[in-house]
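Asks: These protein sequences, in sequence, are chains R and L. With this note's numbering applied, the first sequence corresponds to residues 184 to 261, in that order. With this note's numbering applied, the second sequence corresponds to residues 52 to 262, in that order.
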Amino acid sequence: MTRVVVTVMPREGVLDPQGQAVQISLDRLGFGHVDNLRIGKRIELDIPGDDPEGQARTMCEALLANPLIEDFTIAVDG
Amino acid sequence: MSVAVVRFPGSLDHDSAARAVVAAGGTATFAWQDDAELPPGTDAVLIPGGFSYGDHLRPGAIASRAPIMDAVRRHAGAGGRVLGICNGFQVLCEAGLLPGALRPNATLSFVCRQVQLDVADGSTILTRGMGATMSVPIKNHDGAWYGDPAAARVVFRYRGENPLGSTDAVAGVANARGNVVGLMPHPEEAVDPLLGSTDGLPLFRALASRA
C-alpha cells in the first residue's frame with residue numbers, strides 16, 4: 184500500500200475567485216505584500232499494487248481533475 | 052412525446068422540470084442514476100438542476116460518471132435530444148457531451164434573480180422555436196461557463212451584463228450537432244404567466260417534439 188497525495192490547482196489564467204477573496208482578506212489583516220494566492224485541493228489516498236503514481240495519474244484523468252480548468256501533481260510517499 | 056428526467060442524489064428541480072415538459076404538451080418519466088437504460092419509450096432526456104452529490108469535487112463531476120450517463124451518451128450519439136439545466140448543464144460538460152466547464156461565479160456568491168438572454172443560435176433542433184430574447188431566472192453558485200466560445204456552439208448569452216463572469220457572457224451552449232443543449236438559467240421556471248415569463252416554453256416544446 185502506498186500513500187499518494189494528489190494536488191489539484193486551478194490552471195494558470197483561470198479565474199480563482201476563492202483565492203482572490205482570501206487574498207483581499209489577508210490584505211485587510213495587514214498582509215498586503217502577498218500576491219498570487221491561489222486555492223486548490225489536496226487529495227490523499229492509499230493505492231495498492233504496482234505503479235501507484237501511474238494509477239493515480241489515470242484516476243486524475245478519469246475523475247479527480249478537469250483538464251480544462253485544473254492542473255494536478257502527484258506525490259508518492261516514499 | 053416522452054421525456055426522461057434524470058435524477059441523482061441531490062437533484063432538486065426534477066419536479067418543476069417535469070411540470071414544464073407537461074406544460075409544453077409532453078409526458079415526463081423519471082430515471083434514476085443507477086439505471087442502466089432510459090425508461091422504455093424515451094424520446095428525449097432532461098437533466099434537471101440541483102446539487103448532485105453536494106457539488107463534491109466539482110459540480111456535476113460525480114453524477115457525470117453515474118451508470119445512467121452511458122445510456123444518455125448513447126441517446127445523444129444516436130441524435131436524440133438532451134437538455135441540461137443548471138446542475139444538468141454542469142453534468143453534461145463534465146460528461147464531455149458539451150464543451151467547456153462551469154467555474155465558481157466571479158462574485159463568489161450565490162446569484163438568484165431574473166436575467167435577460169439573447170438567443171445566440173436559434174438554428175439547433177432545440178432552440179429553433181425561440182424568440183430573439185428570453186427572460187429567465189438564474190440561481191447558482193458555480194455558473195460561470197469557461198471555455199473557447201469560438202470552438203463551441205453558443206446558444207444563449209446574457210444580455211446587457213454578465214452576472215456570473217462567464218467567458219464571453221455565455222449562458223448556454225450546444226454540441227456541434229445541436230441535439231444536446233445546456234444552460235445555467237432555468238427555463239422551467241419560465242413556463243407560466245404566474246412565474247412572470249413564458250419564454251422557456253418553446254425550449255420544452257422542442258424537447259418534447261418529434262419534428
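Every residue, glycine too, gets a C-beta built ideally from N, C-alpha and C.
1) With a threshold of 6 Å on Cβ separation, who are the neighbours of L/Phe102 within its own chain once the five nearest residues in sequence on each side are excluded?
2) For a cutoff of 9 Å on Cβ pairs, would you count L/Thr158 as touching chain R?
3) For the stretch 225-257 of chain R, enumerate the residues whose C-beta is nearer than 7 Å to any C-beta of chain L, in chain order.
4) I need the DSSP call for L/Thr184, collapsed to helix, strand or coil.
5) Does the CB of R/Gln206 have a neighbour CB from chain L at under 9 Å?
6) Taking 9 Å as the threshold (C-beta atoms), are R/Val197 and R/Ala235 in contact?
7) Please state whether the Cβ-Cβ distance between L/Asp193 and L/Leu153 is less than 9 Å.
8) Roughly how many angstroms lie between the CA atoms of L/Ile136 and R/Arg225, to the nearest whole one?
9) Go to L/Glu145, then tell me how far its alpha helix (DSSP H) extends in each direction, as first and last residue.
10) Hey, L/Ile176 and L/Arg132 are a contact pair by Cβ (cut 8 Å); roughly how many whole angstroms apart?
11) Is it right to say R/Leu212 is buried, meaning 16 or more other beta carbons lie within 10 angstroms of its own, or is it exposed?
12) Do L/Ala203 and L/Gly130 have their C-beta atoms closer together than 9 Å?
13) From the DSSP output, read off the bridge partner residues of L/Arg164.
14) For the beta strand (DSSP E) that contains L/Leu177, what are its first and last residues?
15) Would you mind listing the beta strand (DSSP E) stretches within the stretch 202-228 of chain R that are 3+ residues and don't spill past its ends, in chain order?
16) Rounding to the nearest angstrom, what Cα-Cα distance links L/Arg164 and L/Ile189 in this structure?
Replies: To lay it out plainly:
1) Counting only Cβ-Cβ distances below 6 Å, and skipping sequence neighbours, we find Gly61.
2) Yes, its Cβ sits closer than 9 Å to a Cβ of chain R.
3) Flagged, chain order: Leu246, Asn249, Leu251 and Ile252.
4) Note: L/Thr184 maps to strand in three-state DSSP.
5) By this cut-off, R/Gln206 is not an interface position.
6) According to the sequence provided, residue 235 of chain R is Pro. The question's Ala does not apply to it. Contact: no.
7) Yes.
8) Straight-line Cα distance between these residues: approximately 30 Å.
9) Per DSSP, the unbroken alpha helix (DSSP H) holding L/Glu145 starts and ends at Asn138 to Glu145.
10) The C-beta separation of L/Ile176 from L/Arg132 comes to about 7 Å, placing the pair in contact by the 8 Å criterion.
11) By the neighbour-count rule (16 or more Cβ atoms within 10 Å), R/Leu212 is not buried but exposed.
12) Contact: no.
13) Bridge partners of L/Arg164: L/Ile189.
14) Element bounds for L/Leu177: n/a, residue is neither H nor E.
15) You should have found no qualifying run.
16) Distance from the CA of L/Arg164 to the CA of L/Ile189, rounded to the nearest whole angstrom, comes to 6 Å.
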